[in-house]
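Take a look at the structure set out below.
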Amino acid sequence: MTYNPPPNVPAQSGYGASPAVPAQVNTAAILLFVSGGFGILGGLLLLALGSLGALFAAIGVFLLIVSAFEIWVGVALRQLKPWARTAAIALAAIGGLFSLISLLKGGYTSIIGLGLDIFIIYLLMQPPAVQAFANSNR
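Below, the structure written as structure tokens:
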């Protein structure tokens, strides 16, 4: 049995659909999730090495906090929270600076982190991403 509405009845009104999240914002959020996940793994590893010295444990706790913040910012990016774009760009800029310092000191694998941080900033500076956050009132 199917339901047929009475004739000449207007459609129900309601809230409009949420704006679509641009691909650039979605990709940046995913990169923050991945970075935060690896950071949490690294932080847990450093906490496990805490028996070798308090410095390992302290750095591990700091890394866990920063990584959790990265994941939180990634979630907020997908919700188009206006502050999240600024926070993600700041996180990527700071991470890129640390990667650059590490790269200059001979840590050649940090070029991957530097590339990801630059890519996150690039994605969030693209016109569709800027427009999505400008139109967002969340």
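So the sequence shown is residues 11 to 148, counted in this note's numbering.
Ideal placement from N, C-alpha and C gives every residue a C-beta, glycine not left out.
All of these numbers come straight from a predicted model, not from anything done at the bench.
Give the C-beta separation of residue 36 and residue 88 to the nearest angstrom, bearing in mind that I take them to be a contact with Cβ-Cβ under 8 Å. 7 Å
Going by CA-CA distance only, name the one from 68, 111 and 97 that's closest to residue 80. 97
For residue 104, does the count of other Cβ atoms within 10 angstroms reach 16, so buried, or fall short, so exposed? exposed
Out of 68, 132, 110 and 31, which one is the CA nearest neighbour of residue 143? 31
Cut-off 8 Å between Cβ atoms - residues of its own chain near residue 42, not counting five sequence neighbours on either side: 80, 81, 83, 84, 87, 98, 101 and 130
Are residue 70 and residue 47 touching if we call contact CB-CB under 9 Å? no
Checking 9 Å against the spacing of the C-beta atoms, do residue 49 and residue 74 come in under that value? Result yes, Cβ atoms of residue 49 and residue 74 sit closer than 9 Å.
For a minimum of 4 consecutive residues, which ranges assigned as the alpha helix (DSSP H) are wholly contained in the stretch 89-146? 92-114, 120-134 and 137-145
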